[in-house]
Amino acid sequence: MLELQNIKPELITRDNATWFQPLFKACFDREELWSQHLGETKYEAFHIGKQAFIFTYTIEEYTDLLTLGVHPDQRKHGLATFLLEWIIAKAPKAQKFFLDVECRNTAAISLYKKIGFEMVSIRKGYYPQSSGPAIDAYVMAYQKPPKTLS
Ligand SMILES: CC(C)(COP(=O)(O)OP(=O)(O)OC[C@H]1O[C@@H](n2cnc3c(N)ncnc32)[C@H](O)[C@@H]1OP(=O)(O)O)[C@@H](O)C(=O)NCCC(=O)NCCS
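Residues in the sequence shown are numbered consecutively from 7, following the working numbering.
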C-alpha cells in the first residue's frame, strides 16, 4: 500500500490513458465515459498509479467532480479522501464543487459527507439502468472555506 504522504497524483493524458479503461471497469463494472475529453480545456483527470483516478470539469470558480474511483483491491485506505482533498486544495480559483451520486451508493455518499459535501437536491431517474427503473441521483455541493489571515 502507498504511503499517503508520498503520493503525488499525475495528469491522465491521451498518451498515458491506455490502462485507464480497465481501472474504470474494475471500479464501475461498465465502460468509461470520460476519456474522449482528455486534453480538452476545462477537463482534467488525475491518477494515483493504477489504483485511483478523478475526473473534473471546471468553469471559473465552479468545479464538477465528474467521476472518482479506487480499485477494489485498494479501497478503505484513504485514497479517495486523499484525491478529493488534493483536488479541492490544488485549484486556488475553484471555490465551489458539485457532484452527482447514485442515491444507493452509500460508500460514496459517506465519503463526500466526511469531506464536507452537503446534499442540495435530488435528480429523479438520473441514472438509467439496463433493466428496471432509472436510479435517482443526489446532487451534493462543497464550498471552500474562506482563507483566514494569519
Ligand atoms: C467510493 C470510493 C471512491 C471510496 O474510495 P476509498 O479510497 O475506499 O475511500 P476512503 O478510504 O478514502 O474512505 C473515506 C470514507 O468513505 C466512506 N466509505 C468508503 N468506503 C465505504 C464503504 N464500503 N462503506 C461505507 N462507507 C465507506 C467512509 O466514510 C470512509 O471513512 P472511514 O474510513 O473513516 O470510515 C470507492 O469505494 C469506489 O471507487 N467505489 C466505486 C466507484 C464509485 O462509486 N465512485 C463514486 C462515484 S460518485
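Note that CB positions come from ideal geometry on N, CA and C, so glycine has one too.
- request: Taking only heavy atoms of ligand 1 into account, decide whether any of them is closer than 6 Å to the Cβ of K82.
  value: Position 76 of the sequence shown, counted from the first residue, corresponds to residue 82. Yes, Cβ of K82 sits closer than 6 Å to a heavy atom of ligand 1.
message: Out of Y68, T73 and P78, which one is the CA nearest neighbour of Q101?
response: Along the sequence shown, read from residue 1 onward, the residue named residue 101 stands at position 95. With distances taken between Cα atoms, Q101 lies closest to Y68.
- request: Report yes if the C-beta of T69 is less than 6 Å from at least one heavy atom of ligand 1; otherwise report no.
  value: Looking up residue 69 in the sequence shown gives position 63. Incorrect: T69 has no Cβ contact closer than 6 Å to ligand 1.
- prompt: So, H77 versus Q57, is the Cβ gap smaller than 7 Å?
  reply: Position 71 of the sequence shown, counted from the first residue, corresponds to residue 77. Position 51 of the sequence shown, counted from the first residue, corresponds to residue 57. In this structure, Q57 lies closer than 7 Å to H77 by Cβ.
- request: Would you kindly report the start and end of the unbroken beta strand (DSSP E) that includes L72?
  value: Within the sequence shown, numbered from 1, the residue matching residue 72 stands at position 66. Counting along the chain, the beta strand (DSSP E) containing L72 begins and ends at Y68 to V76.
query: In the structure shown, what three-state DSSP assignment does H43 receive?
result: The residue labelled residue 43 in the question sits at position 37 within the sequence shown. H43 falls in the helix class under three-state DSSP.
R110 - partner residues in DSSP beta bridges: Here residue 110 refers to the residue found at position 104 when the sequence shown is read from its first residue. Answer by DSSP bridge pairing: none, since R110 is not bridged.
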